[in-house]
Amino acid sequence: MISFLIFIGVFLFMECVTWLTHKYVMHGFMWYFHADHHQPKYEDTFERNDIFFVIFAIPSILLFYFGVQGGFNYLFFIACGITLYGVCYFLIHDVLIHQRFKWFKNTKNKYLIGLRKAHKIHHKHLGKEKGECFGMLFVPFKYYKM
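So for the sequence shown, full-length UniProt numbering puts the first residue at 1; every next one is plus one.
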């Protein structure tokens, strides 16, 4: 039971980590890597912004390693929470919102439509200042009503 709570707790906590990282790191001192993501109609398959997938994967890989070495201890379940969040982030951000892969083109789900609207508002700012909606899975309720 405690392993499941760690897993779910870390998954939920990752939304806070994502919001803070997006606002203060991606739109801060690492803007160079994130800037191309805010440009309309990015032509290449990969963006400099994709480096953040690698950055977020490294702690998860290390936690998996040490968690397995420790007999599937709590570190393993922390890694599972981070990894599940990463998978959800990829499916929501890269597949649903930005359509980098054409898997979920026509959704009628109000939650998913709200996520897309909030992210569209985030991307209306092409520079690193004056941003809003820095999270991914939890967005203000106003975007579900628009």
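In this text, a Cβ means the ideal position worked out from N, Cα and C, and glycines have one as well.
Item                                                                                                                                          : Value
For G131, which of W31, E47 and W103 has the nearest alpha-carbon?                                                                            : W31
Ignore the nearest five residues each way along the sequence and tell me which others in H37's own chain have a CB closer than 7 Å to its CB. : E47 and N49
Could you give the DSSP three-state label for H125: helix, strand or coil?                                                                    : coil
Using a Cβ-based criterion (distance less than 7 Å to any ligand heavy atom), does N49 qualify as near the ligand FMN?                        : By its list of ligands, the structure shown contains no ligand whatsoever, and the ligand FMN lies outside what it can speak to.
With distances taken Cα to Cα, identify the nearest neighbour of K120 among F104, K108 and V139.                                              : V139
Of the residues N109, K110 and V95, which one's Cα is nearest the Cα of W103?                                                                 : V95
For the alpha helix (DSSP H) containing L84, name the first residue and the last one.                                                         : Y74 to Y89
Under 8 Å between the Cβ atoms of Y85 and M14?                                                                                                : yes
Please name the residue in V54, G28, P40 and P59 whose C-alpha comes closest to that of V10.                                                  : P59
Since I92 is in the alpha helix (DSSP H), which residue starts that stretch and which ends it?                                                : Segment: none, I92 is in no alpha helix (DSSP H) and carries neither H nor E.
Go to F53, then tell me how far its alpha helix (DSSP H) extends in each direction, as first and last residue.                                : I51 to Q69
Give the DSSP-derived three-state secondary structure of T45 in the structure shown.                                                          : coil
Once you ignore the five residues that flank K105 on each side, which residues in its own chain have a CB closer than 8 Å to its CB?          : Q99
Classify G127: buried if its beta carbon has 16 or more other beta carbons within 10 angstroms, exposed otherwise.                            : exposed
Less than 8 Å between the beta carbons of I6 and I78, yes or no?                                                                              : yes
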